[in-house]
């Protein structure tokens, strides 16, 4: 069974551009979570989607947004990119809320 | 002060040693995760527990809800255990994880 898959693996953008990151959860999982791990910093919670709706968001500006599709896959969009948005973005999925989360390999976003 | 504190920050051990990583938290939680992050960045979920003890192979995780403390033990450590181990807690009704800063473990031959 396939795990959580994220694409692309690496993404290079320039300041002011938009980035779109994608995540496919494990089959049967309805919850998708997005996390940011900036260089030298710990993991921080970004967004949680469940059954197609945004359920919670972390302390990030509105230019970080996303959605969850009917097949439970998810997109994370980052608008007006800033240099400090350079980070590893991790997606996780779980079967419903409050269950163990399984992580993807991440998308490394570099903003130049 | 962080809601989730881990100790030690860095740990070097020789192959075969018994290793303990500690996690303390200051908030009420519904569950606690132990995660393993390898140098490439990928994260593996090791355990999720809300009480007692869980064991998987050479890994053992315990939690004491009253003391707000959890430990991850690795028996007979091996160089392939070298990674960053991260404790994360689930708080309130949200399912988001709040992470500790991680413990960097290096196991040498």
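Residue numbers (our numbering), protein chains in the order written: chain A, 380 to 491; chain B, 30 to 138.
For glycine and all other residues, C-beta sits at the position ideal for the given N, C-alpha and C.
- Interface residue (Cβ-Cβ distance to chain A less than 9 Å): residue 129 of chain B is classified as such.
- In the structure shown, the three-state DSSP call for residue 96 of chain B is coil.
- The beta carbon of residue 439 of chain A does not come within 9 Å of any beta carbon belonging to chain B, so the residue lies off that interface.
- A distance below 9 Å separates the beta carbons of residue 76 of chain B and residue 62 of chain B.
- The Cβ of residue 112 of chain B sits no closer than 9 Å to any Cβ of chain A.
- Chain B has a Cβ within less than 9 Å of the Cβ of residue 487 of chain A.
- Across the stretch 402 to 434 of chain A, CB contacts with chain B closer than 8 Å involve 410, 412, 414, 416, 421, 422, 423, 424, 427, 429, 434, in sequence order along the chain.
- A Cβ-Cβ separation of about 6 Å places residue 425 of chain A in contact with residue 439 of chain A under the 8 Å criterion.
- In this structure, the beta-carbon distance from residue 488 of chain A to residue 464 of chain A falls below 9 Å.
- Below the 8 Å Cβ cutoff, chain B contributes 74 as neighbours of residue 481 of chain A, in chain order.
- Counted as a single uninterrupted DSSP element, the beta strand (DSSP E) harbouring residue 432 of chain A occupies residues 432 to 436.
- Annotation for residue 112 of chain B: 65, 66, 67, 134 place their beta carbon closer than 7 Å to its own, counting only its chain and skipping 5 residues before and after.
- Relative to residue 110 of chain B, the option among B/38, B/31, B/42 whose CA is nearest is B/42.
- Chain-ordered, the chain B residues with CB closer than 8 Å to the CB of residue 477 of chain A read 59, 60, 119, 124.
- For residue 51 of chain B, the enclosing beta strand (DSSP E) covers residues 48 to 54.
- Looking only at A/381, A/389, A/400, A/386, the smallest Cα-Cα distance to residue 458 of chain A is reached by A/400.
- As a beta-bridge residue in DSSP terms, residue 457 of chain A pairs with A/398, A/443.
- A straight-line Cα-Cα distance of about 27 Å links residue 381 of chain A and residue 79 of chain B.
- Scanning chain A for C-beta atoms nearer than 9 Å to the C-beta of residue 94 of chain B yields nothing, as the closest lies near 16 Å away.
- At a beta-carbon threshold of 9 Å, the residues of chain B lying near residue 484 of chain A are 69, 70, 71, 72, ordered along the chain.
- Secondary structure note for residue 39 of chain B: its beta strand (DSSP E) is the uninterrupted segment 39 to 43.
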